[in-house]
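Scroll down for the structure; my scribbles are underneath it.
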Amino acid sequence: MASSQKALRYEAVTDGMKIAVTPKFLDEESAPAKGRFVWAYTIEMENGSDTTWTLTLRHWDIIDSSGRRQTVDGEGVVGQTPRLVPGDTFRYSSGAPLAAPSGMMSGSYTFVSDDGVEFTARVPAFSLDSPYDRVRPS
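Residue numbering for the sequence shown follows this note's numbering, beginning at 0 and increasing consecutively.
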């Protein structure tokens with residue numbers, strides 16, 4: 000499958016925890032005529048700190064180009080609560096359907112250390128752009 004669109008990678012670092020996101024529009028799972036636009040996104044987190052962290056909670060803020068907002072909160076990611084020792088990397092993929100041809104996602108992950116200290120790592124805001132989005136004149 001050839002693609003002329005270069006995958007964008009978004010990154011943020013919070014207290015040594017690097018979170019990188021690579022979104023991709025899924026044309027084959029989308030149905031623009033029915034108002035269904037689907038993206039996959041891959042998250043890679045790398046523990047660059049000296050502490051072992053376990054991801055316990057996720058938080059997402061999603062807004063589409065029509066102004067619809069969604070908030071998603073839950074435990075772990077894709078059914079897992081990964082434990083990252085210093086230097087470890089964890090990678091997973093998930094998806095997001097929207098009723099509009101573009102949008103934005105941002106969020107955070109809550110991590111807990113072995114001794115109970117909690118911190119929140121920022122997930123960078125990332126754009127969900129499809130080829131069906133019309134550029135609006137400014």
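Backbone N, C-alpha and C define an ideal beta-carbon position, used for all residues, glycine too. Predicted, not measured: the structure shown is a model, and the values here were computed from it.
Alpha-carbon to alpha-carbon, residue j and residue i
i    : j    : result
K17  : E43  : 8 Å
V116 : R90  : 23 Å
A1   : P31  : Only weak support exists for where A1 lies, its pLDDT of 41 falling under 50; the value from the coordinates is given anyway. Those two C-alpha atoms are separated by around 21 Å.
V76  : S93  : 9 Å
T88  : V12  : 13 Å
E45  : R68  : 29 Å
P96  : D14  : 31 Å
D114 : G86  : 19 Å
S65  : S101 : 9 Å
A19  : K33  : 31 Å
S129 : K23  : 9 Å
S48  : G106 : 20 Å
Beta-carbon gap between residue i and residue j smaller than 8 Å
i    : j    : result
W38  : S112 : no
T70  : D63  : no
Y108 : R35  : no
M104 : F118 : no
A120 : F110 : yes
Residue i Cβ short of 7 Å to the ligand ATP heavy atom set
i   : result
A39 : The ligand ATP is not among the ligands present in this structure, which contains no ligands whatsoever.
Identified DSSP bridge partners for residue i
i    : result
L54  : F110
S101 : D128
P22  : Y40
P31  : Answer is none; P31 lacks a bridge partner.
Cβ separation of residue i and residue j, assumed to be a contact under 8 Å, to the nearest whole Å
i    : j   : result
T80  : T55 : 6 Å
P123 : Y40 : Not really, about 11 Å apart at Cβ, beyond 8 Å.
- Message: So within the stretch 53 to 94, which uninterrupted beta strand (DSSP E) runs reach at least 3 residues, ignoring any that extend past its ends?
- Response: 68 to 74
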